[in-house]
Every structure is written in structure tokens, then in C-alpha cells.
Amino acid sequence: MVDSRQEHIKLGTYPPEQVYQVLQTSPQGLSSQEVKERQATYGPNQLKESKKEPIWLTFFRHFTSLMALLLWGGGFIAMLSHSLELGIAIWLVNIINGLFSFIQEYRASQATAALNKLLPSYARVLRDGKEDKILAQDLVPGDLVFIEEGDRISADGRLVAVTDLQVNQSALTGESNPIYKSDQADLTPDKTELEYDNMVFAGTTVSSGSGHFIVSAIGMKTEFGQIADLTQNLAQEKSPLQKELDHLTKQISVIAVSVGLFFMVAATLFVHQPLSQAFIFALGMIVAFIPEGLLPTVTLSLAMAVQRMAKDHALVKKLSSVETLGATSVICSDKTGTLTQNAMTVNHLWTLSDSYEVTGLGYASEGQIEQEGRPVSLEENELLNRLVRFSHLASNAQVVAPSADNPNFTILGDPTEACLNVLAEKAGINLNDNHTWAPRLKEIPFDSDRKRMTTVHKLEVGVDGSQHISITKGAPKEVMELCSDYYDNQGMIKSLTATERQAIIAANDQFARDGLRVLAVAYRPLDSEHIGEDKWDMQTLEDNMVFLGLVAMSDPPRQGVREAIEKCHRASIRIIMVTGDYGLTALSIAKKIGIVQGDDARVVSGLELAGMDDNQLKEALKGEIVFARVAPEQKYRVVNALQELGEVVAVTGDGVNDAPALKKADIGVAMGISGTDVAKESADMILTDDHFASIVHAVEEGRAVYRNIQKFLTYIFNSNTPEAVPSAFFLFSLGRIPLPLTVMQILAIDLGTDMVPALGLGVEPPEEGVMDRPPRRLSDRLLNRQLLIKAFVWYGLIEAALAMGAFFLNYWVNQGNLNHLASSGPLYREATTMTLGAIIFTQIGMAMNSRKGRGSIFQVKPFANRIISLGIVLEIVLFIILSYVPFFHTLFNTAPIGLDDWLYLLACPFVIMALEEIRYRLFDKK
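Following this line, the structure appears as C-alpha cells:
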């Protein structure tokens with residue numbers, strides 16, 4: 022039996038009779054005894070599922086992250102501070118976030134289950150010389166399996182007999198064109214297993230014809246199984262945002278605990294408070310520095326971005342994936358269906374006499390044949406009439422129009438042939454009438470070695486004095502070599518000289534450079550001596566043919582894709598095309614849509630990639646590059662190399678072959694329309710319109726999420742300084758200045774008035790120009806030096822000055838001097854109420870400053886963010902309740918304030934906004 026991978030690939034080089042010998046079977050199939058022995062040796066034909074983390078452990082993990090532990094501690098601290106209700110509230114926040122995260126992960130990919138769905142349940146085999154229908158899981162290497170149109174293939178194997186067999190291998194290769202299969206040995210050197218036309222693979226589908234093959238690999242040993250193994254064994258890594266939040270939590274923990282210890286020591290040394298009282302005081306400061314709203318804000322910011330992305334046709338399965346998009350520096354994209362429409366379209370027709378353009382895109386029959394902008398009629402141009410009609414007659418594909426059940430065109434057969442039908446309809450030909458005019462009598466199927474197919478037709482109206490003709494279409498060079506003559510635009514048949522042959526090759530080369538796929542069409546009138554099934558051999562039908570012309574077609578770029586790519590370039594995001602198509606076509610499309618901008622771009626084939634070591638690959642990835650004809654594991658390897666270079670990689674894919682790369686990538690993007698279940702389950706995001714532009718919209722939203730989290734942090738840390746400064750006055754005055762802000766008032770700010778506006782900052786839409794900057798570096802910190810200076814020093818000290826000014830001003834206005842400061846009584850409570858109010862009202866101004874981002878405050882639409890607007894209203898209402906409802910006076914140490922106090926507080930937001938605008942105009946505006 023075949024064991025090594027290299028020996029498995031060599032099966033394609035053996036003639037059918039030798040394959041029986043190599044796989045130790047016979048044309049009568051295996052015996053029952055042999056089947057039992059091999060089942061014991063090789064096991065069932067199934068994909069093995071890797072061990073999963075127990076669900077209870079997954080559930081528990083969502084409540085033990087660093088931020089979660091910090092919140093558990095914060096809630097406990099609040100309870101120790103005699104604030105049972107606030108402690109419970111903090112814990113509820115933690116519980117809600119943990120449950121939400123668990124549900125998201127629980128619903129995430131189950132890739133192996135989806136892979137198993139693609140394997141058929143039954144297979145037809147020959148055992149003991151008799152045909153039998155067995156469970157696919159019971160197949161063993163050496164089994165002789167029968168396949169026909171519509172069957173999904175159950176195992177890898179070597180074909181030993183075929184009849185017009187075509188197989189759709191898109192699940193493995195990503196390319197939708199059916200592959201013509203052969204049973205003959207292929208001695209072409211340096212082929213990958215997937216490139217052998219005499220091999221079939223598990224998970225692929227028979228498009229047409231029939232055949233039988235000998236099983237060479239089952240289960241995890243198949244190409245399908247290799248992909249499953251790669252997908253299963255990939256460890257789920259944390260997203261950049263998750264890593265950054267872990268780092269942020271450590272930073273916050275250090276800051277909070279350090280501040281708490283400082284104030285505990287200071288309270289003991291300077292104010293001579295008892296240790297227990299100093300500890301409670303310190304705990305209050307620690308709670309003040311814990312951003313309890315961080316996880317809810319991050320979750321809300323991600324969730325709102327997900328909603329906006331859904332409107333732009335991008336469905337996100339994992340919330341953390343949203344921000345990962347914002348950090349994306351490289352997008353590895355498929356070509357077919359993502360950058361292009363996956364709708365082959367005839368663009369040009371060329372004859373030795375003239376050339377023509379064909380308008381319209383896709384499979385809709387809207388368009389016409391034109392020459393220099395003028396419509397061309399087939400009735401007035403017999404050469405063009407024959408080229409279009411004969412192209413259609415030699416086509417096997419069908420185009421099914423959209424219906425109520427399926428809004429898209431459906432192609433039955435080869436898309437390359439389908440567009441020939443559309444061409445005929447654009448030219449005004451009724452397809453049924455054309456088949457009636459020239460019914461097909463015989464077909465010699467397309468062969469990858471011959472690179473052409475030939476059909477025989479009986480004509481209703483004779484051509485060139487004959488009622489029968491053969492039509493050949495295929496690769497231009499191969500078809501031209503069959504021709505001795507050509508048909509010109511005067512209706513004359515002329516000898517095909519070297520000059521005309523050079524013109525044909527030149528035209529074909531030019532179309533190829535333009536990224537077009539080209540077919541040549543020729544015909545031969547069959548004399549009476551050549552009529553009859555027994556006389557229609559290949560030599561007769563393809564001899565002395567008459568050349569008609571070339572049909573050039575392409576898969577057109579999707580509308581808006583060029584603009585999306587330009588936006589990526591402005592955002593310093595590289596795009597690398599990784600496709601199963603041919604290199605010349607891929608490079609041409611890449612240039613046409615702007616992926617490749619220079620003249621020295623490198624095209625690396627799968628075969629060339631296989632010969633590269635990792636260092637060579639990394640070096641190649643530093644320049645403009647296009648990957649063509651790549652195998653599944655090679656796409657995975659490209660992603661891995663980019664990640665080792667420090668890139669954050671997004672990968673698009675739709676086939677089973679893409680699953681490992683989708684899962685390995687920092688952000689896997691599956692196609693919603695054309696994608697397989699496996700691709701969708703392995704991906705982090707699904708495009709419902711299969712459009713590359715939707716990825717770019719998603720990147721924009723991802724960048725907005727990161728900026729919104731920074732806005733939240735700036736806003737939430739602004740109040741930390743004015744919360745800490747009053748305590749510093751109390752401590753360093755050795756208690757002579759009573760505490761201007763109590764622990765309960767600090768908690769009222771952090772868990773009360775600040776919470777809703779902070780959440781509102783998480784739903785800000787992307788800032789203008791967010792895609793005109795490069796992606797953030799992974800080394801960039803959410804809590805960076807600039808943010809710390811802005812929050813704690815600039816904004817923080819301004820707020821602290823206004824807050825302490827309110828405290829002392831209240832004493833001065835009410836007593837006329839500051840010599841009678843006391844730590845109790847109505848005047849003290851009124852002064853602390855003013856401190857509390859000043860922080861609350863400066864935070865209203867800070868909400869507007871945070872919204873503006875890098876711009877001017879005058880660019881902010883005041884009421885555009887409804888959550889912030891609601892939050893501001895709630896802040897004021899809560900402050901009024903704390904100030905004027907007697908029930909809260911004792912708990913929060915508050916008291917009613919006067920009209921002049923209100924005038925001071927109402928001025929605070931405008932003061933802090935004005936100062937920020939001055940700073941912006943002096944230092945930031947360019």
C-alpha cells in the first residue's frame with residue numbers, strides 16, 4: 022500500500038493497470054476478508070475530532086480574566102467600604118460581561134462538524150466482483166469506487182476509468198471551474214497532487230460524466246483530512262485587543278494599588294488615622310482608580326461596531342475580532358468572487374479581419390457586440406455570426422436565471438462555457454433555436470493534454486456545401502495548429518500562412534497580458550465520406566480545420582473594489598492576492614484593480630513556493646507579490662510567515678482549503694454567498710455580499726473601536742486626579758482641611774454619573790480621516806504616555822483646580838473667610854457637594870472634548886450621540902437627587918446648594934471645553 026506522501030503523489034504517474042498492483046487490489050475489487058483486515062489496519066473513513074476544552078472550564082475562564090479579577094476585588098472593596106449595593110453592582114457588571122463573552126465563544130466555530138457534513142454518507146463499490154452500496158465510513162484503501170454526476174466523492178483515489186468526467190474541486194482549490202478528469206498516466210514533472218487530472222479527492226463533487234477510482238487514502242490521510250488536522254490543531258490565540266486589555270489591567274492594577282498604599286501610609290503618618298480607618302480610606306482610592314465601566318464600554322463599543330458592520334454586509338462572530346480588524350496591516354485576499362465578480366464575461370472578439378468589443382458584465386444577457394462604439398449585426402457579418410454561433414454550439418454549460426428561491430444566476434457546468442451562451446444571447450441568438458438548427462451528434466470532451474474539445478453537428482442549413490460540421494474550441498495555439506485555412510470577412514476561405522499565424526499568437530499574447538482568458542474557435546465541413554459514427558475519430562474531425570477567431574473573456578472586478586483598495590493603500594494596509602488561478606491572469610487583475618502598483622511585482626507559484634525556505638519566503642513578502650496556484654497548506658504558510666514578520670493578518674476564503682489559513686489568521690474572513698460551511702465556521706467574520714469593500718468598511722469600524730476605548734480611558738481617568746487631589750489636601754494639611762470629597766462621593770462619580778457618558782463614548786462612529794493613517798503598531802499601548810499626561814495632568818489638574826476652587830469658594834462665600842473649616846456640619850456638606858458637582862460638570866465638558874478626538878470642539882454635533890446626551894441628563898438629575906433629597910444627605914455627605922453655586926457649576930463645562938480648544942489650536946492644529 023501507499024504510505025508516504027511522495028509515493029501517494031506518484032500514483033498520478035502510473036498507468037491504470039499498475040495502479041491496481043501498487044494499491045494491492047484488482048479489477049474485481051477487494052475480497053471481504055481483505056476489507057476486514059484493512060479496516061482493522063486503517064480504521065474508519067472519518068475525520069477525527071480533537072479534544073475540546075470542557076464546557077465548564079470554558080465558562081469559568083470568562084470570569085477569571087485579569088480585568089474580571091480586578092472587578093471582583095473592586096466589588097469586595099466597595100462592600101468593605103460599607104457600600105453593599107455598589108459592591109453588588111460591580112459584581113453584576115462582571116457577571117453580565119462573563120456571560121456575554123461565554124455565549125459568544127460557545128456559538129463560535131465547530132469546524133470539524135462542518136467538515137464532516139461535506140462527506141457523503143454512502144459510496145458504491147465493487148467487492149468480491151459485485152457492486153455494493155456501503156457506508157462511506159467503511160471504505161478502505163484499495164476499494165474500487167463508482168462515481169457519477171451529482172456524487173460527492175468519499176475518499177482520495179486514482180481514476181482507472183472515466184467517461185466525460187468533470188469534477189468540481191472548488192472546496193479544495195477555491196476555483197469554481199470544473200476539472201476534466203482522465204484515467205491516463207501523467208508524466209509531467211513537478212506536479213502537486215491536486216494538479217493531477219487522474220486523481221480525485223474527498224469532499225469534491227462530480228459535475229458531469231462518470232468513472233471509477235481506487236481508494237488511495239481515507240479519513241485524516243486524505244487532502245480533506247490534512248486540512249481538518251491543520252484546522253483542529255491550531256491553538257486559539259488571544260486577539261490584539263484581548264492582549265492589550267490584559268496589559269491595561271496590569272497597568273491599572275499597579276496604579277490603583279500604588280495610589281491606595283500611598284494614601285494609606287500618608288493617612289497613618291500625617292493625619293494619624295487608625296490603621297483600620299486608613300485601610301478603608303485607601304480601599305476607596307483603589308476603587309476610584311478602577312475603571313468599572315471598562316469591560317461594559319468595550320463590549321458595547323464592539324457590539325455597536327458589529328451592528329454597523331452588519332449593515333455593511335459583514336457579520337462578526339467574535340466581538341474581539343472587530344478591533345483586530347482595526348490593527349490589520351496585511352489582507353491576504355482570494356481573487357475569484359472577492360475581488361472579482363465570479364462571473365466570466367466575454368469582453369472581446371477577434372478575427373484576422375477585425376476586432377470587436379462586447380458590452381455588459383456578468384451572466385445577464387444585457388449588452389451587445391460593438392465595433393468602435395457602433396452595434397454590429399450578425400446578419401451583416403457572416404464571419405462574426407459563425408464565431409458566435411459555433412462557440413455556443415460547442416458549449417455544455419447552462420445559465421439558470423435568478424428566481425424567487427435563488428436571487429443569483431446559477432451556472433451548471435464550466436463558467437468559461439457559460440459566458441459563451443450569454444454572448445450568443447447578447448448577439449440576438451435564441452439558444453434553443455441554435456441547437457435545433459445544428460443538433461449535436463458527437464462530442465470529444467475537453468482534455469487537459471489536448472487543451473480543446475470537439476463536437477459534431479448536423480446542420481439545418483448547410484455550411485460551405487456540407488450538412489455536417491465539426492467544431493473545435495480550446496487553447497489558441499493548440500487550435501491554430503489544427504487549422505490549414507481561415508474564414509475572412511468577405512465570406513472566403515483562405516490559406517492560413519505564417520503571417521496570419523503570427524497575428525493570432527500576437528493577439529492571444531496581448532489578451533493574456535491584459536489578464537483575459539482566451540479561446541480559439543475553428544470548424545471543419547465534413548464531406549460525405551466522413552459522415553458516420555464509425556468515421557468520427559479525432560484525426561478526422563480535427564484535421565484541416567478553418568480558423569474563425571478568438572473569444573477573450575475575464576472575471577470582471579467587483580464594483581467599488583478599486584476604491585476600497587485605494588483606501589487600503591492610504592491606510593498603509595498591504596493587500597496580497599493569494600489565488601488558485603494562473604499567475605499571468607492573477608498579476609493582470611492585481612494591476613488592473615490597483616493591488617500591484619509597481620513594475621517589479623513578483624508572481625510566486627505554488628510550485629515555486631514549495632521550493633522556498635522560510636527565510637526566502639519572508640524576504641519575498643517584503644516586496645510586491647502575488648501568489649498563484651497555491652495549495653491549502655501553502656496559504657497557511659504565507660499567513661504564518663507574515664505573522665512572524667510582525668504583521669496583523671486578515672485572510673479571505675470560501676473553500677475547505679481555506680479553513681486552516683482562516684483559523685490561523687488574526688482575522689479570518691469567509692464568503693457568505695459562495696463560502697462553504699467549513700470556511701464560515703473557521704472564520705471570525707462572514708461577508709454576506711462576498712465583497713472586498715465590505716472588509717475595508719469593517720477595518721474602519723475596527724479602528725474606531727480602538728479610538729473609542731482610548732476616548733473612554735481619557736474620559737474616565739480625567740476624574741481620577743480631581744478625586745485624588747482633595748484627599749491630598751486633607752492629608753498634607755495634616756487634617757486641617759477637611760476631606761473635600763468623600764469615598765462615597767467618589768463611588769457616586771465612578772459608578773453613577775460617569776458610567777452612562779463613558780458608555781456613550783464607546784459607540785462613537787469612526788472619525789473623519791481614520792483611514793488616512795497607518796494601522797496601530799502592536800507595541801502601541803492603550804494607556805500610553807500621551808493619554809496619561811492628557812488625562813492625569815492636563816485635564817485632571819484643570820478639573821482638580823475647578824473642583825477645589827468650588828470647595829474653597831463655597832466656604833469663602835458662606836463664611837467670608839477660610840479660618841473656620843470644619844469636617845462636619847451643613848457648611849462642610851455644602852462645600853463637598855460643590856466639589857462633587859464641579860467634578861460632575863467638568864466631566865460633562867470632558868465628554869464633549871473626548872468625542873472630538875483629534876479635531877476641534879466645533880466639529881462635534883452636540884446631540885448626535887444619544888447615549889452621551891442621555892448620560893449628561895442623568896448626571897445632572899443624579900446630582901440634583903444627591904443634593905436635594907434628604908435621604909441621601911447622610912449617606913453621601915451632601916446638602917442643597919444655592920443659585921450662585923449653580924452658576925459656577927454651569928460654567929465648568931464651557932471652561933474646560935474652551936481650554937481644550939485653545940490647546941488644540943496652539944499645539945495640534947496644522
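The numbering of the sequence shown is my numbering, which starts it at 22 and goes up by one.
Idealized CB from N, CA, C, for every residue including glycine.
Predicted, not measured: the structure shown is a model, and the values here were computed from it.
Comparing alpha-carbon positions, the option among 834, 580 and 459 lying closest to residue 362 turns out to be 580. In the three-state scheme derived from DSSP, where H, G and I count as helix and E and B as strand, residue 383 is classed as coil. Within the segment 558-597, the runs of beta strand (DSSP E) that reach at least 3 residues and sit entirely inside it are, in chain order, 566-575. Between residue 631 and the set 659, 147 and 613, the nearest pair of CA atoms involves 659. DSSP lists no beta-bridge partner residue for residue 194. Residue 610 is not a Cβ neighbour of residue 553, given a cutoff of 8 Å. Residue 84 and residue 923 have their alpha carbons spaced roughly 43 Å apart.
Taking a 10 Å sphere around the C-beta of residue 557, we find 16 or more other C-beta atoms and assign the residue as buried. Minimum Cα-Cα distance from residue 448 among the listed residues 480, 412 and 433 corresponds to 412. According to the DSSP assignment, residue 464 belongs to the beta strand (DSSP E) that extends over 461-468. Annotated three-state conformation of residue 789 is coil, per DSSP.
If the five residues before and after residue 539 are omitted, its C-beta is found closer than 6 Å to the C-beta atoms of 497, 529, 532, 571 and 573, all from its own chain and listed in chain order. Contact check for residue 788 against residue 875 passes: the beta carbons are separated by less than 8 Å. Separation of the CB atoms of residue 542 and residue 405 is rounded to 11 Å, and the pair is thereby denied contact status at 8 Å. Counted as a single uninterrupted DSSP element, the alpha helix (DSSP H) harbouring residue 780 occupies residues 776-782. When the beta-carbon positions are compared, residue 601 and residue 522 stay at least 8 Å from each other. Contact annotation, residue 336 with residue 707: C-beta distance approximately 5 Å; criterion of less than 8 Å satisfied. Counting the other Cβ atoms within 10 Å of the Cβ of residue 911 gives fewer than 16, which makes it exposed. For residue 392, the uninterrupted beta strand (DSSP E) run begins and ends at 390-392, by DSSP. 824 is the residue among 711, 824 and 713 whose C-alpha sits nearest the C-alpha of residue 761. Taking 8 Å as the cut-off, the beta carbon of residue 418 is found closer than this to the beta carbon of residue 438. For residue 748, the enclosing alpha helix (DSSP H) begins and ends at 741-753. Leaving aside the five residues that flank residue 715 on each side, the residues in its chain whose CB is nearer than 7 Å to its CB run, in chain order, 333, 334, 335 and 708. Per DSSP, residue 371 is one residue of the beta strand (DSSP E) stretching across 366-371.
Distances from the alpha-carbon of residue 918 to those of 248, 848, 614 and 400 put 848 closest. Around the beta-carbon of residue 394, fewer than 16 other beta-carbon atoms lie within 10 Å, marking it exposed. Following the DSSP letters along the chain, one finds residue 152 inside the beta strand (DSSP E) bounded by residues 151-156. Counting the other Cβ atoms within 10 Å of the Cβ of residue 833 gives fewer than 16, which makes it exposed. Comparing C-alpha distances from residue 473 to each of 933, 200 and 207 shows the shortest one belongs to 200.
Inter-segment contact for the segment 766-782 and the segment 890-905 is present: three or more beta-carbon pairs are separated by less than 8 Å.
Residue burial is scored here from C-beta neighbours: residue 246 has at least 16 other C-beta atoms within 10 angstroms and is therefore classed as buried.
With fewer than 16 other beta carbons inside 10 angstroms of its own, residue 328 counts as exposed. Residue 423: not part of any alpha helix (DSSP H); DSSP gives it neither H nor E.
Under the Cβ criterion (8 Å, minimum of three pairs), the segment 217-236 counts as touching the segment 172-187. A direct Cα-Cα distance of roughly 23 Å separates residue 685 from residue 616. Counting along the chain, no alpha helix (DSSP H) covers residue 508; the unbroken beta strand (DSSP E) around it starts and ends at 504-508.
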